[in-house]
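A quick write-up on the structure given underneath.
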Amino acid sequence: MKVCLVTGVTLEQGLGFAIALRMYQREYAVYLGGRRGERAVELGLSIDKSGFWVKAHTLDITDDTSVTQFLARVRGEQGKIDALINNAGAGFDAGVHPLDVNFADARQTFETNLFGAWRMTRGSQIGPPI
Ligand SMILES: NC(=O)c1ccc[n+]([C@@H]2O[C@H](COP(=O)([O-])OP(=O)(O)OC[C@H]3O[C@@H](n4cnc5c(N)ncnc54)[C@H](OP(=O)(O)O)[C@@H]3O)[C@@H](O)[C@H]2O)c1
C-alpha cells in the first residue's frame with residue numbers, strides 16, 4: 001500500500017479534498033492535514049467511513065513542531081511516505097494592487113506557499129536524489 005499526504009484539506013469544495021478522494025480511489029493510504037483538524041477529520045471520514053485508509057490530523061505547515069508531529073505520526077504508522085501533495089496555500093493579496101500590498105500579509109503568503117511547502121517537502125524527504 002502506497003502512502004500519500006495531502007495538505008490543506010478542510011474544505012469540501014477545495015482542490016485538496018478532490019485530490020484526497022482520487023488518491024484513495026487509487027488505493028493509497030491517505031493522510032490529510034489542515035489547521036482546522038476537526039474539519040479535516042470529518043472530510044476524511046466522508047471519504048472512508050472506516051477511518052482506516054484515510055486519516056486526518058491538525059497540521060499547520062508554517063509551524064515546525066506541527067509539521068514534525070504530523071510526519072512522525074505518519075512514519076510511526078506507515079513507516080514511509082510515497083507521495084506528497086502540497087495543496088495548502090493562501091493568497092492574502094487577492095484583489096489588492098501590487099503597490100498597496102501589506103508586507104505583513106505578503107510575508108504570511110510566503111510563509112505558507114513557499115516555506116510551508118518547502119518544510120513539508122524537506123520533512124517528507126520526497127524528491128529525486130541530487
Ligand atoms: N482555486 C484556484 O483557482 C487556485 C488557483 C491558483 C492556485 N491555487 C492553489 O491551489 C491550492 C488549492 O486551492 P483551493 O482553491 O482548493 O484552496 P483554498 O480553498 O484556499 O484552500 C486552501 C486550504 O489550505 C489550508 N491552509 C491554509 N493555510 C494553511 C497552513 N498554514 N497549514 C495547513 N493548511 C493550510 C486551508 O485550510 P485551513 O485554513 O483549515 O488550514 C484550506 O483548506 C491552494 O494552494 C491555492 O493557493 C488555487
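Counting in the numbering used here, the sequence shown runs from 1 upward without gaps. Backbone N, C-alpha and C fix where the C-beta goes; we use that ideal spot for every residue, glycine too.
### Query
Bridge partners of H57, per DSSP?
G33
### Message
Which of the three DSSP states is assigned to T62 in this structure?
### Response
coil
### Message
Quick check on DSSP: helix, strand or coil for I81?
### Response
coil
### Query
How would you call A104, buried or exposed, if buried means at least 16 neighbouring beta carbons within 10 angstroms?
exposed
### Message
Taking its Cβ as the centre, do 16 or more other Cβ atoms sit within 10 Å of V9, making it buried, or is it exposed?
### Response
buried
### Task
Tell me, to the nearest whole angstrom, how far the beta carbon of T62 is from that of N86; I am working on the premise that it is less than 8 angstroms.
So it is not a contact: roughly 13 angstroms between Cβ atoms.
### Message
DSSP three-state label for L43, please.
### Response
helix
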